[in-house]
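Each remark here refers to the structure printed beneath this line.
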Amino acid sequence: MSDRITRPAPPSTAIPGERLPLGALLALATAAFITVLTETLPAGVLPAMSAGLGVSESATGQLVTVYAIGTAVSAIPLSAATAGWPRKRLLLSGVAGFAVANTVTAVSASFPLTLVARFVAGVAAGVVWALLAGYARRLAPVHLQGKAMAIVMAGIPAALSLGVPAGTFAGAALGWRVTFWAMTAIAVVLLAWIAALVPDHPGQRAGGRPALLRTLTVPGVAPVLLVTLLFVLAQTILYTYVATLLNANGLGDAVDLFLLIFGVASLVSIWLVGAHIDRRLRPLTIGAVILVAVGAFVLAVAAREPALVYVAAALWGLGWGGAPTLLQTAAGDAGGEAADTAQAALVTLWNAAMAAGGAVGGVLLNLFGTGAFAWSTLVLLAPTLAAVLLARRHAFPPRRLT
21 MSDRITRPAP PSTAIPGERL PLGALLALAT AAFITVLTET LPAGVLPAMS
71 AGLGVSESAT GQLVTVYAIG TAVSAIPLSA ATAGWPRKRL LLSGVAGFAV
121 ANTVTAVSAS FPLTLVARFV AGVAAGVVWA LLAGYARRLA PVHLQGKAMA
171 IVMAGIPAAL SLGVPAGTFA GAALGWRVTF WAMTAIAVVL LAWIAALVPD
221 HPGQRAGGRP ALLRTLTVPG VAPVLLVTLL FVLAQTILYT YVATLLNANG
271 LGDAVDLFLL IFGVASLVSI WLVGAHIDRR LRPLTIGAVI LVAVGAFVLA
321 VAAREPALVY VAAALWGLGW GGAPTLLQTA AGDAGGEAAD TAQAALVTLW
371 NAAMAAGGAV GGVLLNLFGT GAFAWSTLVL LAPTLAAVLL ARRHAFPPRR
421 LT
């Protein structure tokens, strides 16, 4: 292979004009659901886990942090090490990793062992996240790849808006360990589902695996990664501390309804993106950044007004829900033959931005109070929007390069 990486989309196992393989795509969406729910579930059952493991709630909160670290440090090296593996075997390995990690979490009475299990779960997430986008694209005709991505990425808002509340309720009613056993059961069912319905796809030949640094030189890849870093950092600062922000403004009782509206709006966003991404990637990305910015602005100036706060939740959810699909589609389009490597870099930056967002938000809270969250998000969204607007040719073109 020459040093230059060409830009065609990865080959598809589907025949142009045929229907999307919904059974296979929904299996991938369920993998995304498990990945997000495994990451966020401890937040919903944190007090009970703290008591069960005999550690403080702040220490228990690090179970989410170590998961993100596992994902961030593993995505790129594991993507490179397993580039030649058949895609189905790699996906099965990642889901099996979730089954093992959640089982250990469910039975463990040791906090250090639970930390190790959570790190292993994060490593499994690194494998799955780096794989899902490219797999979805290869299962669909080129002109429907964006719609296939939207179906798979629907697992993310489904986990946040449905899975976490359900897990929290089940944890309160039946005990937090039951929720992790349930996650294991879902993973086992998913393994059978993948084995039965998801077509395999070969990995890359040893001579055809693009290195990370070379991938970053492919036109469009670096701008997409920059937008990802800024957008996720801006989102995480505000989302992580939104309950703190509402509490400080006398709306602590509104947190549940706020998150419900955000979740429903995110699902609507996924549907809209899925319907139009194959023709309107650029305007949808611009609109997503603007909607999140407007929602943040409303929270910055009217966080004491319940009606306006709920409007902010809806606008924010409409902007953010489709963002993972938009950014992963843009990375896959720009990467071409290097799509899997570009996706691994995106996953690494995504999780690094999430970890940094929580840390930066804590510093802002200590230095400036809750009023800094929304304004800081707006400051970060300004260069995010500028980067999207400037990256017109390769990263976010008016027409997708298929």
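21 is the number of the first residue of the sequence shown in this note's numbering; add one for each residue after it. Beta carbons are placed, not taken as given, at the ideal position from N, Cα and C, and that holds for glycine.
Just the C-alpha distance for residue i and residue j, rounded to the nearest angstrom, thanks.
i      : j      : result
Gly19  : Ala145 : This structure does not reach residue 19, given that the chain is present from 21 up to 422, and the question cannot be answered.
Gln255 : Val399 : 12 Å
Ala92  : Ala51  : 18 Å
Ala350 : Pro417 : 9 Å
Leu111 : Thr123 : 19 Å
Thr33  : Glu357 : Because Thr33 carries a pLDDT of 49, less than 50, the predicted location of this residue cannot be relied on, and the following value inherits that uncertainty. Between Thr33 and Glu357, the C-alpha separation is close to 15 Å.
Leu164 : Asp298 : 7 Å
Ala375 : Val275 : 22 Å
Gly434 : Gly72  : Limits of the chain in this structure are 21 at one end and 422 at the other, which puts residue 434 out of reach.
Ala100 : Val75  : 37 Å
Ala192 : Phe200 : 13 Å
Ala179 : Leu210 : 15 Å
Thr390 : Leu335 : 20 Å
Trp105 : Leu405 : 37 Å
Ala415 : Leu265 : 34 Å
Val172 : Met69  : 30 Å
Arg107 : Pro243 : 27 Å
Decide if residue i is buried, meaning its Cβ has at least 16 other Cβ atoms within 10 Å, or exposed.
i      : result
Arg412 : exposed
Ala205 : exposed
Pro344 : buried
Pro36  : Confidence at Pro36 is low in this model, with a pLDDT of 47, below 50, so the placement of that residue should be treated as unreliable; the coordinate-derived value is given next. Exposed: under 16 other Cβ atoms inside 10 Å.
Val329 : buried
Phe4   : Only positions 21 to 422 of the chain appear in the structure, and residue 4 is not among them; the question remains open.
Leu409 : exposed
Val309 : buried
Asp220 : exposed
Val127 : exposed
Val383 : exposed
Ser289 : buried
Phe388 : exposed
Gly342 : buried
Gly43  : exposed
Pro62  : buried
Pro41  : buried
Ala212 : exposed
Ala359 : buried
Leu233 : exposed
On the premise that residue j lies in contact with residue i, defined as a C-beta separation below 8 Å, what is that separation, rounded to the nearest angstrom?
i      : j      : result
Val115 : Ala207 : 5 Å
Ala354 : Gly240 : 3 Å
Thr55  : Val148 : 5 Å
Ile15  : Ala320 : Absent from the model: residue 15. The displayed extent of the chain is 21 to 422, so no value can be given.
Ile257 : Phe393 : 6 Å
Tyr261 : Leu385 : 7 Å
Leu311 : Leu277 : The pair is not a contact, with the Cβ atoms about 20 Å apart (cut-off 8 Å).
Ala313 : Leu246 : Rounded, the Cβ-Cβ distance is 17 Å, inconsistent with contact.
Leu347 : Thr248 : 5 Å
Thr102 : Met203 : Contact flag wrong, Cβ pair sits at about 23 Å.
Measuring only between beta-carbons, confirm whether residue i sits less than 9 Å from chain D.
i      : result
Thr390 : Among the chains of the structure shown, chain D does not appear; only one protein chain is present.
I want to know whether the segment 287 to 301 touches the segment 364 to 378 - three or more CB-CB distances under 8 Å.
The segment 287 to 301 is not in contact with the segment 364 to 378.
Are at least three pairs of beta-carbons, each pair with one atom in the segment 73 to 89 and one in the segment 141 to 156, less than 8 Å apart?
Cβ pair count under 8 Å is three or more, so yes.
Determine contact between the segment 360 to 367 and the segment 150 to 166, defined as no fewer than three beta-carbon pairs at a distance below 8 Å.
Three or more beta-carbon pairs drawn from the segment 360 to 367 and the segment 150 to 166 are found closer than 8 Å, and the two stretches are therefore classed as touching.
May I ask you to verify whether the segment 257 to 271 touches the segment 319 to 336, counting CB pairs closer than 8 Å and requiring at least 3?
A contact exists between the segment 257 to 271 and the segment 319 to 336.
For the segment 39 to 51 against the segment 156 to 169, do three or more pairs of beta-carbon atoms, one drawn from each stretch, fall closer than 8 Å, so that the two count as touching?
In this structure the segment 39 to 51 lies against the segment 156 to 169, because at least three pairs of beta carbons, one per stretch, are closer than 8 Å.
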